[in-house]
Amino acid sequence: MGRMGERRAALDIRGLRKDFVVNDGRVTALQDINLTVRQGEFISIIGSSGCGKSTLLRIIAGLETDYQGAAEFDGERINGPGLERGVVFQEHRLFPWLTVRENVAFGLGGGRENSHGESVREHIDLVGLTGFEQAYPHQLSGGMAQRAAIARALVNRPQVLLLDEPFGALDALTKIQMQEEVLRIWRAEGATMVLVTHDIDEAVFLGDRVVIMSSRPGTIKRIIPVDLPRPRDRGSFEFTHLRSAIYAEFFRQEEKPFAYAI
Amino acid sequence: MSDGQETSQQTVVALDALKEHYRLPSLTFSVPRQIQGVVLPAVIVAVWEALAHAGVLPANWLPAPSVVAITLLELLRGGELLSHIGVTVARVGSGFMIGALAATLLGGVTGSSPLVRRVLDPTLQALRSIPSMAWVPLFLLWLGIHESSKITLIAVGVFFPVYLNLLSGILTVDRKLLEVGQVFRLDKVEQVRRVILPAALPSYLVGLRSGLGLGWMFVVAAEIMGASRGLGFLMIDGQMTGRASVIIASIVLFALFGKLTDLVLERVGRGLLGQRGVEF
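This is the structure:
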């Protein structure tokens with residue numbers, strides 16, 4: 006346990022393939038995916054929309070169980086959702102009829118005693134929502150709602166937290182703030198993090214490694230380690246350099262003619 | 033929406049300022065916003081009253097509002113009115129209870145089991161296309177002219193909107209919320225209790241409200257067709273004895289009680305849904 010000890014594999018994905026049946030035809034969403042995530046590691050998965058990165062996350066979450074190849078969590082094939090894998094979606098997906106406290110306590114099972122438990126209080130505090138326990142989702146800003154969603158995903162103390170473009174719908178300033186919060190939460194909880202994003206800056210800022218995916222069919226193009234100490238300076242030379250390197254992975258062909266056009 | 037309100041408020045403020053500046057004489061009557069909706073009916077009643085007194089309207093066909101009011105008071109003093117109201121309210125109440133209960137049970141079952149839905153729903157949809165009044169002769173034949181046939185008719189009227197709204201509420205529950213339930217490994221029963229039912233509640237309440245409205249419609253039909261008590265009977269009585277004021281008084285009472293009971297449901301709905309920030 007812990008990031009200091011031996012680094013066991015939390016997630017092991019080998020030769021993963023996922024087909025969708027669309028109008029009598031088959032569309033391959035993911036092909037030949039190989040990825041091993043160590044316990045306590047922070048992995049960013051980046052790709053353009055439609056590259057299958059969310060599908061990959063949904064397979065890890067156990068929401069898509071019809072896949073070929075191996076997807077193992079803690080040495081066992083993933084056949085469905087599990088409380089040891091928390092999920093934060095792009096939309097906060099809070100239940101509009103529950104207060105922040107009740108939403109956070111949702112995963113502990115219903116009942117009053119649960120929603121006043123230590124874990125609920127602690128995680129509301131962790132995401133900085135103390136004082137808003139009685140608020141309903143419609144009274145929260147987008148950033149606050151996403152904080153509550155993170156607390157809800159953490160309340161069962163999952164070993165892995167899966168984040169599916171969690172800040173995609175937030176404004177740029179809130180987004181940066183939330184990225185820093187997530188790092189703090191990661192350190193506090195010691196959970197393995199898998200973040201899916203289309204934001205290069207976000208991927209580099211957060212990840213120990215950045216997994217670059219390409220589209221149709223979705224494959225892993227490259228995995229880039231980010232050996233920068235935290236807190237990372239988005240303006241530093243190394244950071245910018247990495248960002249450009251990843252940028253080039255996506256736009257290598259288009260870059261030159263564009264430069265000449267100017 | 034609030035943006036629009038703000039803009040219009042700002043516009044109003046700006047116009048007021050302009051008016052102040054140019055000292056324009058105010059040409060608009062200042063009626064408080066809350067009672068603006070009352071102005072038109074009040075004017076209609078006043079004009080109606082004036083025309084009746086001027087002899088333009090035939091008194092036996094369209095008596096003056098004041099005459100209707102006096103008729104209401106007389107009926108009330110005679111003591112029979114309260115019993116008519118009581119009988120009608122009891123019919124609507126029990127028909128509503130029975131219809132809503134059956135609709136809730138059936139809607140719940142068809143909503144939660146695709147198999148039951150495929151078996152049951154087509155039949156219910158087919159029954160729905162029968163004009164409800166077409167049941168009347170059959171109910172009279174089966175149940176006689178007494179309370180049970182009337183209450184059954186009302187229950188049938190209440191049933192369909194409640195059933196349809198509950199079912200559609202259940203079937204249109206946001207898949208994304210269901211997924212959250214899945215992520216937390218809720219079993220089927222828990223998923224229904226903790227996600228599907230609360231999510232379907234707004235639609236269900238809409239169904240109850242329109243069901244209640246239909247209940248009031250059907251009680252009139254049932255009572256007109258054969259009753260010895262109730263507000264519908266009072267209308268028929270007024271027609272038989274040529275007293276238009278009694279008919280109009282009954283209409284007013286139907287409107288009043290229909291609105292009152294709807295208001296109760298609206299309040300209940302607001303209490304249940306207010307926390308979600310949705311209008312009801």
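Chains as they are written, first to last, in the numbering used here: chain R, 6 to 267; chain P, 33 to 312.
From the three backbone atoms N, C-alpha and C, an ideal C-beta is built for every residue, glycine too.
What you are looking at is a predicted structure, and each value in this text was computed from that prediction instead of being measured.
(request) Just the C-alpha distance for P/N197 and P/L263, rounded to the nearest angstrom, thanks. (result) As a working note, residue 197 of chain P is residue 165 in the second sequence. As a working note, residue 263 of chain P is residue 231 in the second sequence. Cα to Cα, P/N197 sits roughly 29 Å from P/L263.
(message) Contact criterion: CB-CB distance below 9 Å. Does R/N84 meet it with respect to chain P?
(response) Residue mapping note: residue 84 of chain R aligns to position 79 of the first sequence, counting from 1. Not one chain P Cβ lies under 9 Å of R/N84.
(request) Return the CA-CA distance between P/L159 and P/G213, expressed in angstroms with no decimal places. (result) Counting from one through the second sequence, the residue named residue 159 of chain P turns up at place 127. Counting from one through the second sequence, the residue named residue 213 of chain P turns up at place 181. Using only the alpha carbons, I get a separation of about 35 Å.
(message) For R/K226, which residues in the same chain have their Cβ closer than 7 Å to its Cβ, ignoring the five residues on either side in sequence?
(response) Position 221 of the first sequence holds residue 226 of chain R. Excluding residues within five positions, the ones whose Cβ falls inside 7 Å are I217, M218, S219 and E254.
(message) Please identify, using Cβ separations under 9 Å, the residues of the segment 91-112 of chain R that lie next to chain P, in order along the chain.
(response) G91, V92, F94, E96, R98, L99, F100, P101, W102, L103, T104, F111 and G112
(request) Take R/A250 and list the residues in its own chain whose beta-carbon comes closer than 8 Å to its own, dropping the five residues that flank it on each side. (result) Position 245 of the first sequence, counted from the start, is the residue given in the question as residue 250 of chain R. Taken in chain order, the residues that qualify are I229.
(message) Against P/Q66, what residues of chain R qualify as contacts under a CB-to-CB distance less than 8 Å, listed in chain order?
(response) Numbered from 1 along the second sequence, position 34 holds the residue referred to as residue 66 of chain P. Here the premise fails: no neighbours, minimum Cβ distance about 26 Å.
(message) Our contact map puts R/G112 next to R/R43 with C-beta atoms below 8 Å; I'd like the distance itself, whole angstroms only.
(response) Mapped onto the first sequence, residue 112 of chain R falls at position 107. Mapped onto the first sequence, residue 43 of chain R falls at position 38. Not really, about 25 Å apart at Cβ, beyond 8 Å.
(request) State whether the segment 116-134 of chain P contacts the segment 299-308 of chain P, with contact taken as three or more CB pairs (one from each stretch) at a distance under 8 Å. (result) no
(message) Bridge partners for R/K23 per DSSP, in chain order?
(response) Within the first sequence, numbered from 1, the residue matching residue 23 of chain R stands at position 18. R/K23 pairs with R/L35.
(request) Go ahead and pull the three-state DSSP assignment for P/V190. (result) Taking the second sequence and counting its residues from 1, one reaches residue 190 of chain P at position 158. Helix, per DSSP.
(request) Taking P/L185 and P/A132 to be in contact with their CB atoms under 8 Å, please state how far apart those CB atoms are, rounded to whole angstroms. (result) Position 153 of the second sequence, counted from the start, is the residue given in the question as residue 185 of chain P. Position 100 of the second sequence, counted from the start, is the residue given in the question as residue 132 of chain P. Not confirmed; about 15 Å, so no contact.
(request) Let me know if R/D238 comes out buried or exposed under the rule of 16 or more other beta-carbons within 10 Å of its beta-carbon. (result) Here residue 238 of chain R is taken as the residue at index 233 of the first sequence, counted from 1. Classification of R/D238: exposed, given that the 10 Å Cβ count is below 16.
(message) As a quick exercise: from R/V231, R/L200 and R/R192, pick the residue whose alpha carbon is nearest that of R/G91.
(response) Indexing the first sequence from 1 puts residue 91 of chain R at position 86. Here the closest residue by C-alpha is R/L200.
(message) Under 9 Å, Cβ to Cβ, is there at least one residue of chain P near R/H143?
(response) As a position in the first sequence, residue 143 of chain R is number 138, starting the count at 1. Interface residue, yes.
(request) Name, please, each residue of chain R whose Cβ falls closer than 9 Å to the Cβ of P/G309. (result) If you number the second sequence from 1, residue 309 of chain P lands on position 277. Within 9 Å Cβ-Cβ: P101, Y141, P142, H143 and Q144.
(message) With the cut-off set at 9 Å, would you say P/V77 and P/P97 are in Cβ contact?
(response) If you number the second sequence from 1, residue 77 of chain P lands on position 45. If you number the second sequence from 1, residue 97 of chain P lands on position 65. It is a contact, given that the beta carbons lie within the stated cut-off.
(request) Express the C-alpha separation of R/S53 and R/E259 in angstroms, rounding to a whole number. (result) One-based indexing of the first sequence puts residue 259 of chain R at position 254. One-based indexing of the first sequence puts residue 53 of chain R at position 48. Any reading at R/E259 must be qualified, since the residue scores a pLDDT of 49, below 50, and its modelled position is unreliable; no value is offered.
(request) Can you have a look at P/S88 and say buried or exposed, based on whether 16 or more other CB atoms are within 10 angstroms of its CB? (result) By one-based count along the second sequence, residue 88 of chain P stands at place 56. Here residue 88 of chain P turns out to be Val, not Ser, going by the sequence shown. Exposed, because fewer than 16 other Cβ atoms sit within 10 Å of the Cβ of P/V88.
(request) Note the first and the last residue of the continuous alpha helix (DSSP H) segment covering R/Q73. (result) By one-based count along the first sequence, residue 73 of chain R stands at place 68. Segment Q73 to F78 is the beta strand (DSSP E) holding R/Q73; no alpha helix (DSSP H) there.
(request) Put R/S241 into one of helix, strand or coil per three-state DSSP. (result) In the first sequence, residue 241 of chain R corresponds to position 236, counting from 1. R/S241: coil per DSSP, three-state reduction.
(message) Can you check which of these residues, P/S277, P/S282 and P/A287, is closest to P/P90 by C-alpha distance?
(response) Numbered from 1 along the second sequence, position 58 holds the residue referred to as residue 90 of chain P. Nearest of P/S277, P/S282 and P/A287 to P/P90, Cα basis: P/S277.
(message) Could you pull the DSSP bridge partners for R/R214 from this structure?
(response) Residue mapping note: residue 214 of chain R aligns to position 209 of the first sequence, counting from 1. DSSP, once it has assigned bridges, lists R/I48 and R/P230 as partnering R/R214.
(request) Note down, in chain order, each residue of its chain lying with its Cβ closer than 7 Å to the Cβ of R/Q95, except the 5 sequence neighbours on either side. (result) Position 90 of the first sequence, counted from the first residue, corresponds to residue 95 of chain R. These residues qualify, in order along the chain: D169, E170, P171, G173 and A174.
(message) Taking contact to mean 3 or more Cβ pairs, one atom from each stretch, closer than 8 Å, check whether the segment 269-284 of chain P and the segment 138-150 of chain P are in contact.
(response) no
(request) Could you check the C-alpha separation between R/T245 and R/R235 for me, to the nearest Å? (result) As a working mapping, residue 245 of chain R is identified with position 240 in the first sequence. As a working mapping, residue 235 of chain R is identified with position 230 in the first sequence. Taking the straight line joining both Cα atoms gives about 15 Å.
(request) Would you verify that the beta carbon of R/N161 is, or is not, closer than 9 Å to some beta carbon of chain P? (result) The sequence position of residue 161 of chain R within the first sequence is 156, counting from 1. Taking Cβ atoms only, chain P reaches closer than 9 Å to R/N161, which makes this a yes.
(message) So, under 8 Å CB-CB, P/V194 and P/G243 are touching, yes? Tell me the CB distance rounded to an integer number of Å.
(response) Residue numbering aside, residue 194 of chain P sits at position 162 when the second sequence is read from its first letter. Residue numbering aside, residue 243 of chain P sits at position 211 when the second sequence is read from its first letter. Contact holds; Cβ gap of about 4 Å.
(request) Kindly indicate which three-state DSSP category P/A259 falls into: helix, strand or coil? (result) Counting from 1 along the second sequence, the entry for residue 259 of chain P is found at position 227. Of the three classes helix, strand and coil, the one that applies to P/A259 here is coil, per DSSP.
(request) At 8 Å on the CB atoms, spell out the chain P contacts of R/L61, in chain order. (result) As a working mapping, residue 61 of chain R is identified with position 56 in the first sequence. Ordered by position in chain P, no residue passes the 8 Å Cβ test against R/L61, which lies about 16 Å from the chain.
(request) From the DSSP output, in three-state form, read off P/R302 for me. (result) Here residue 302 of chain P refers to the residue found at position 270 when the second sequence is read from its first residue. P/R302 falls in the helix class under three-state DSSP.
(message) 9 Å is my cut-off, CB to CB: does P/L198 come that close to chain R?
(response) Taking the second sequence and counting its residues from 1, one reaches residue 198 of chain P at position 166. Answer no: the Cβ-Cβ gap between P/L198 and chain R never drops below 9 Å.
(request) Note down, in chain order, all residues in the segment 198-226 of chain P with a beta-carbon under 7 Å from any beta-carbon belonging to chain R. (result) K208, L209, E211, V212, Q214, V215, F216, R217 and R226
(message) I'd like the span of the alpha helix (DSSP H) that includes P/L156, first residue to last.
(response) As a first step, residue 156 of chain P is located in the second sequence; it is residue number 124 there, counting from the start. First-last of the alpha helix (DSSP H) with P/L156: P146 to R160.
(message) Let me make sure I understand the geometry here. Which of P/A82, P/L172, P/F191 and P/A231 has the alpha-carbon closest to that of R/L99?
(response) One-based indexing of the first sequence puts residue 99 of chain R at position 94. That would be P/A231, whose Cα lies nearest to the Cα of R/L99.
(request) For chain R, find out if any of its Cβ atoms is closer than 9 Å to the Cβ of P/L240; answer yes or no. (result) Locating residue 240 of chain P in the second sequence gives position 208, counting from the first residue. Judged by the 9 Å Cβ criterion, P/L240 is not in contact with chain R.
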